[in-house]
Amino acid sequence: MNIKKKDIASEIFTGSMADISFLLIIYFMITSAFSATRGLDFALPEETDTPEIKQEDAIEVHVTPGGAIEVDKKSLPREQLLPYVLEKLQQNPEKPVILRTDPDASYGDMISIFDLLRRANEEWTDDIGNPIYKDVNGDPLVEIKTISIPTQREIENIWNLLGMG
Amino acid sequence: MALIRGRDRGTGAAIFTASMADIVFLLIVFFVLTYKVEVDKTQMNLPETWIRKKIPEKAAVISIAPPDRGSTIRVSTGEEMALPVSTIEEVITFASTEVAKNPNTEFILKADKDAPYARVDEVLDALKQSKVKYIFLLSEQLTAAEL
Numbered sequence: 000m001n002i003k004k005k006d007i008a009s010e011i012f013t014g015s016m017a018d019i020s021f022l023l024i025i026y027f028m029i030t031s032a033f034s035a036t037r038g039l040d041f042a043l044p045e046e047t048d049t050p051e052i053k054q055e056d057a058i059e060v061h062v063t064p065g066g067a068i069e070v071d072k073k074s075l076p077r078e079q080l081l082p083y084v085l086e087k088l089q090q091n092p093e094k095p096v097i098l099r100t101d102p103d104a105s106y107g108d109m110i111s112i113f114d115l116l117r118r119a120n121e122e123w124t125d126d127i128g129n130p131i132y133k134d135v136n137g138d139p140l141v142e143i144k145t146i147s148i149p150t151q152r153e154i155e156n157i158w159n160l161l162g163m164g
Numbered sequence: 000m001a002l003i004r005g006r007d008r009g010t011g012a013a014i015f016t017a018s019m020a021d022i023v024f025l026l027i028v029f030f031v032l033t034y035k036v037e038v039d040k041t042q043m044n045l046p047e048t049w050i051r052k053k054i055p056e057k058a059a060v061i062s063i064a065p066p067d068r069g070s071t072i073r074v075s076t077g078e079e080m081a082l083p084v085s086t087i088e089e090v091i092t093f094a095s096t097e098v099a100k101n102p103n104t105e106f107i108l109k110a111d112k113d114a115p116y117a118r119v120d121e122v123l124d125a126l127k128q129s130k131v132k133y134i135f136l137l138s139e140q141l142t143a144a145e146l
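And the structure:
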């Protein structure tokens, strides 16, 4: 006797796939964050390596509330900052820049000046990265080697050491 | 004589959906690859800078909220949601713990551009006291027109 074999339907049901897919898309769209992933890097000195910086050996940039700057105790427009620093570094390329910000200033004020100082590398090189300026020794001058951002506590410590606290 | 009329033909108006599955899966793959849980969801206006370097993915995060939200400080290891801290000593404890786990731990400072610098100064000082080596100051891109 011939017995017919029944064909078993072996298809996977895909009718709800579109619903699940759209649900996943909506979930990822809502929860994913295209957050800012870039910023200014800043290496803190290790205390054992911190050289003693005398104020007269450094270029002091003071950011006042509102974003104006005083460089070496003289008021200076922002666009004059890098030319001033360049002139000083051409005489002494090791001169550090001390960026001191008034506690009443905003974080944005400080960041804009820090960014301006970091931009020295772009300003002092040509389109293909060759140095434009040279220091007194004839070596290329392409960046500010040391930008120090002392905290209020560190400034007070220095004042106390100098007996001015 | 009655004319034999042909049946009205339907105008095939169906939307072609065969490629929909491909598009949908492509989108899912895109979102899965770019998906990143934001550890700190505090809404703030970041400062704009011209120089911007890519920040490391596994860095610890310290955020300072805008002044209208009390300049609250939040901390996160980078893997879990940020938690508010009430004193600067807690920031020192948090940073010291992270540095003890890995001396090269990088920290991201996410602060509102209107945050008082005194608050930022406290956090920077806490990080210095905790022997942190690298900090990234999170920022938005400054456009050429704003220079």
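First to last, the protein sequences are chains A and B.
If you use numbering that gives the first Met the number 0, the first sequence closes out at 164, no skipped numbers anywhere.
If you use numbering that gives the first Met the number 0, the second sequence closes out at 146, no skipped numbers anywhere.
Every residue, glycine too, gets a C-beta built ideally from N, C-alpha and C.
Around the Cβ of Ser-111 (chain A), a 10 Å sphere holds 16 or more other Cβ atoms; the residue is buried. Residue state for Thr-33 (chain B) is assigned as helix, using DSSP reduced to three classes.
When C-alpha distances from Ala-119 (chain A) are compared across A:Gly-137, A:Glu-59, A:Lys-144 and A:Tyr-106, the shortest belongs to A:Lys-144.
Straight-line measurement puts the Cα of Asp-108 (chain A) at about 8 Å from the Cα of Ala-67 (chain A). With respect to Thr-150 (chain A), Ala-104 (chain A) sits apart: the two C-beta atoms are not nearer than 9 Å. At a Cβ-Cβ threshold of 9 Å, Ala-59 (chain B) and Val-74 (chain B) count as neighbours. The C-beta distance from Val-122 (chain B) to Ile-54 (chain B) rounds to 17 Å, too long to meet the 8 Å contact threshold.
Contact annotation: Glu-139 (chain B) and Pro-46 (chain B) have beta-carbon atoms nearer than 9 Å. Any Cβ of chain B closer than 9 Å to the Cβ of Glu-121 (chain A) would place that residue at the interface, and such an atom is present.
Going by DSSP, Lys-127 (chain B) is part of the alpha helix (DSSP H) stretching over 116-128. Tyr-26 (chain A) counts as exposed, since fewer than 16 other beta carbons sit within 10 angstroms of its beta carbon. Three or more Cβ pairs closer than 8 Å define a contact, and the region 96-109 of chain B falls short of that threshold against the region 14-21 of chain B. Remark: three or more beta-carbon pairs, one from each stretch, lie closer than 8 Å, so the region 94-103 of chain B and the region 129-137 of chain B are flagged as touching. DSSP places Leu-81 (chain A) in the helix class (H, G or I) of the three-state scheme.
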